[in-house]
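In my numbering, the protein residues as written are 3 to 112. Glycine included, every Cβ here is placed at the ideal spot set by N, Cα and C. What follows is a set of notes on a single structure, which appears directly below.
Shown next, in the form of structure tokens:
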């Protein structure tokens, strides 16, 4: 039995299985999806892309950390926002959930 359950949303669309029924996420995947959606909804992900290499990037990363830590399911002090060194422009958020362990989610980028 899962504590959290939600529709799987990918690029703004509900993900369907082979029978065209909606797919669901549970627990840590729900938390990861919720965090990414919160970051996208605030527009902070767009700032990461538009402010490449400026001091604003550090401020944006801090704002994302604070936003993620506001989620009561996330262990405070565990949030990291990193850019993929190989694929520049690809940003990830990493955190530790209180009940389900580590999560890593792509915020923005291909």
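- Would you call the CB atoms of residue 66 and residue 83 closer than 8 Å? yes
- Which residue from 37, 91 and 32 puts its Cα closest to that of residue 6? 32
- Message: If I follow the unbroken beta strand (DSSP E) through residue 39, where does it start and stop?
- Response: Premise fails: residue 39 lies in the alpha helix (DSSP H), 29-44, not in any beta strand (DSSP E).
- Query: Hey, is residue 19's beta-carbon within less than 8 Å of any beta-carbon in chain B?
  - Reply: Protein chain content of the structure displayed is limited to a single chain, and chain B is not contained in it.
- Item | Beta-carbon spacing of residue 117, residue 69 below 8 Å | No answer is possible for residue 117: it lies beyond the span of the chain, which begins at 3 and ends at 112.
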